[in-house]
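Once you know that position 25 of the sequence shown is 25 in our numbering, the rest is easy, because the numbers rise by one and skip nothing.
Just below is one structure, and these are the notes that go with it.
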Amino acid sequence: MDRPDYLVQGEVARLFPVLATTSKEGRTTSIFMACLSKIEEFGVELLATLGQRVGKRSKIEAFTEVVFRNEKIKLKDRPDGLIILETGKKEWRALVEAKVGNADLQAEQIERYREICKDHGIDCVITISNQFATTPSNHPLDEVRKSRSKIPVFHWSWMSILTVTDLLLNREAVADMDQKVLLNEFRRFLTHESAGVKGFDRMPPEWSEINRLVSAGGKIPAKSSDASVILDAWHQETRDLSLILSRQTEAAVQEKLPRKHRNDPADRRKDELQMLRDHGQLRALLDVPDAAAPLEVVADIARRTIDVGMSLRAPEDKVSSKARVNWLLRQIKTEKRDDVYVRLNWPGRSDATQFSLNELLEDPALCEEGKSGLKVLSFHVFIARRLGAKFTQQTNFIKELEEVVPFFYREIGQNLSEWRKPAPKIKHDRAMTEDVSVEAIARDAEDDSEDWEESS
Numbered sequence: 001m002d003r004p005d006y007l008v009q010g011e012v013a014r015l016f017p018v019l020a021t022t023s024k025e026g027r028t029t030s031i032f033m034a035c036l037s038k039i040e041e042f043g044v045e046l047l048a049t050l051g052q053r054v055g056k057r058s059k060i061e062a063f064t065e066v067v068f069r070n071e072k073i074k075l076k077d078r079p080d081g082l083i084i085l086e087t088g089k090k091e092w093r094a095l096v097e098a099k100v101g102n103a104d105l106q107a108e109q110i111e112r113y114r115e116i117c118k119d120h121g122i123d124c125v126i127t128i129s130n131q132f133a134t135t136p137s138n139h140p141l142d143e144v145r146k147s148r149s150k151i152p153v154f155h156w157s158w159m160s161i162l163t164v165t166d167l168l169l170n171r172e173a174v175a176d177m178d179q180k181v182l183l184n185e186f187r188r189f190l191t192h193e194s195a196g197v198k199g200f201d202r203m204p205p206e207w208s209e210i211n212r213l214v215s216a217g218g219k220i221p222a223k224s225s226d227a228s229v230i231l232d233a234w235h236q237e238t239r240d241l242s243l244i245l246s247r248q249t250e251a252a253v254q255e256k257l258p259r260k261h262r263n264d265p266a267d268r269r270k271d272e273l274q275m276l277r278d279h280g281q282l283r284a285l286l287d288v289p290d291a292a293a294p295l296e297v298v299a300d301i302a303r304r305t306i307d308v309g310m311s312l313r314a315p316e317d318k319v320s321s322k323a324r325v326n327w328l329l330r331q332i333k334t335e336k337r338d339d340v341y342v343r344l345n346w347p348g349r350s351d352a353t354q355f356s357l358n359e360l361l362e363d364p365a366l367c368e369e370g371k372s373g374l375k376v377l378s379f380h381v382f383i384a385r386r387l388g389a390k391f392t393q394q395t396n397f398i399k400e401l402e403e404v405v406p407f408f409y410r411e412i413g414q415n416l417s418e419w420r421k422p423a424p425k426i427k428h429d430r431a432m433t434e435d436v437s438v439e440a441i442a443r444d445a446e447d448d449s450e451d452w453e454e455s456s
C-alpha cells in the first residue's frame, strides 16, 4: 500500500505496530485501523454508522500519524490516523483522533483537525475514546456540537467498536476464516486491560450535589451547569447500557428517540433538562429488536428509585378487564417479583390504577374494583428498585442501574408479547366462492330489503 502523494509522513496501519511500550494509544489505534481495512465485514459495519456504503468494488486504506504536504509539522496537531475509502473514482477521507484509558478528547484539538480537513479537502474527523455518544453524529463534547465549522465530526466509543466486533463474531457474520480469526484476536486485545478500553462506570461529582438539592426540596436552577453535566453523563450511561444489552442479546439495541430529538440534539437537551428540573427524573427508552415494547428506564432522584418497565396494549378480544389482566399475567414467569408492579390505564378521564404483581397473581379481579363498566386499555409492567443512599453515590448508582435493567429484561421483558388483532376469519355462511358471487349478493340485498319493509 503506497502512501498518498499529499502526505509527507504516515505509516500504513499495522496489526503489529513497532512502537514504544509506553505508546498504548498509538498501538491500539494502529491495530484497530489495520483491522478496519483488512476485515471486510468489520469495515462495512462501522463505516455504515457514518453513512458510508462499502461495496464489493470499495477499498479501505488506513495510515497512522499522518502529516500533510505544505504544512509545518506540529506534534500536537498530528492526527492519529487517516482512513481512505475508495469506490471507483470516488474517494472519501477521514482524519482520526483517538484516546484510550481515562484520557478525554479536547475540543481545541478537534477544531485544529477541522482546519486541516478544510485546508486539504478531507471529508470529516472521527474521534475515538472511552466517552460515549448516542449516535456517531451526536458528539459527546458540547463545544464540538456547537461549533460553526462545516466539517462533520463523528464519534465511536471503544466499547461500541468492541460491541460491533462481538456481534459480528457471535452472529458468525464474517465469511473468511482467516479474517474471523483476526477479528477474534482483535476482540481479545480490546478486552485486555492493556488496551485501555472501559465502559462508563461512574457519575460525575455533580451527581451528589444535585441529589442533595432535590432531596432537600430545592429547585434545580434554569441554567444549572451541574444539571448539564449530569445530563451528559446520563447520555453516556444510557448508550453504554444499550451496548451491554446488545452484547447480552446478540442484537443491536439502540436508544429510541423521537424524530425531533434525533434531528436536533439541542432540542433533546432542552426537553430533558426541563424534565430533570420539573420532575427530578432522568429518562431513557431502549429499543430491543423484536421485543414487545421498548424498555423504559427512569431514574427518580426524589424517590431514589430506578424504574425499568415496558408498556403493552391490552388485548381487545378479551371481554373483561380481569381476562385482559390474566392475559398479561400468563406471560410473566419470574419468581423474583417482590418489587414488580403493574399499572393499568383506563379510558377517558378515569385515573390509572396500580397493583403489585403479587396482589394481581393472588386475585386478578382486584383490577376491576372501582372500574365497573370500564375495560383496561393498556398495562405498564415494571420493577421499582429503591436504592436509598446507593442512588446518590457515583459508582453504586451506575452499578445498580447496569444490574437492574438487564435483570428486568431477562426475567420479564424478553417473555412479553404484544397483542395483535387476530386475522379476519371467513364467515360460515360465506365459506364457498358462490356464496359471495354477484348473484348471491343480489339475493342478500333483496332479502334484506323485504325484511326492512316488513319490519317498518
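Glycine included, C-beta positions come from ideal geometry on N, C-alpha and C.
Less than 8 Å between the CB atoms is what I'm expecting for Ala-384 and Thr-305, so what's the real figure, rounded?
6 Å
Assigned secondary structure, Met-432 (DSSP; H/G/I helix, E/B strand, else coil):
Under the three-state reduction of DSSP, Met-432 is assigned to coil, being neither helix nor strand.
Does the segment 364 to 380 come close enough to the segment 342 to 353 to have 3 or more Cβ pairs within less than 8 Å?
yes
Within the chosen definition, does the segment 229 to 236 reach the segment 319 to 336 through at least 3 CB pairs nearer than 8 Å?
Contact between the segment 229 to 236 and the segment 319 to 336 is absent: fewer than 3 CB-CB pairs across the two stretches fall below 8 Å.
So, do the segment 159 to 166 and the segment 256 to 266 have three or more beta carbon pairs nearer to each other than 8 Å?
no
Decide yes or no for the touch test of the segment 139 to 150 against the segment 193 to 204: beta carbon pairs closer than 8 Å, at least 3 of them.
no
Following the continuous beta strand (DSSP E) through His-380, name the residue where it begins and the one where it ends.
378 to 386
My output table needs one value for Val-96: the three-state DSSP class, helix, strand or coil.
strand
Considering only the beta carbon of each residue, do Ser-129 and Ala-98 sit closer than 8 Å?
yes
Since Ala-34 and Leu-15 are thought to touch, with beta carbons under 8 Å apart, how far apart are those beta carbons, to the nearest angstrom?
5 Å
I'd like the span of the beta strand (DSSP E) that includes Phe-63, first residue to last.
58 to 68
Below 8 Å on the Cβ atoms is my guess for Asn-345 versus Ser-320; work out the distance and round it to an integer in Å.
About 16 Å; that fails the 8 Å criterion.
Suppose only complete runs of 4+ residues qualify. What are the alpha helix (DSSP H) ranges in the segment 284 to 332, listed by chain order?
321 to 329
Is it the case that the Cβ atoms of Thr-28 and Gly-55 are separated by a distance below 8 Å?
Between Thr-28 and Gly-55, the C-beta gap is not smaller than 8 Å, which leaves the two residues out of contact.
Assign Val-181 to buried or exposed, taking buried as 16 or more other Cβ atoms, counted over all protein chains shown, within 10 Å of its Cβ.
Burial call: exposed.
Under a three-way DSSP split, which group does Leu-374 fall into?
coil
Which ranges does the alpha helix (DSSP H) cover as unbroken runs of at least 4 residues, wholly within the segment 196 to 246, from first to last along the chain?
206 to 215
Please give me, in chain order, every unbroken run of the beta strand (DSSP E) with length at least 3 that falls completely inside the segment 141 to 168.
For the segment 141 to 168, whole beta strand (DSSP E) runs of length 3 or above, ordered along the chain, are 153 to 157.
Applying the criterion that 16 or more other CB atoms from any shown protein chain within 10 Å of the CB defines a buried residue, is Ala-222 buried or exposed?
exposed
Limits of the unbroken beta strand (DSSP E) element including Gln-9
7 to 12
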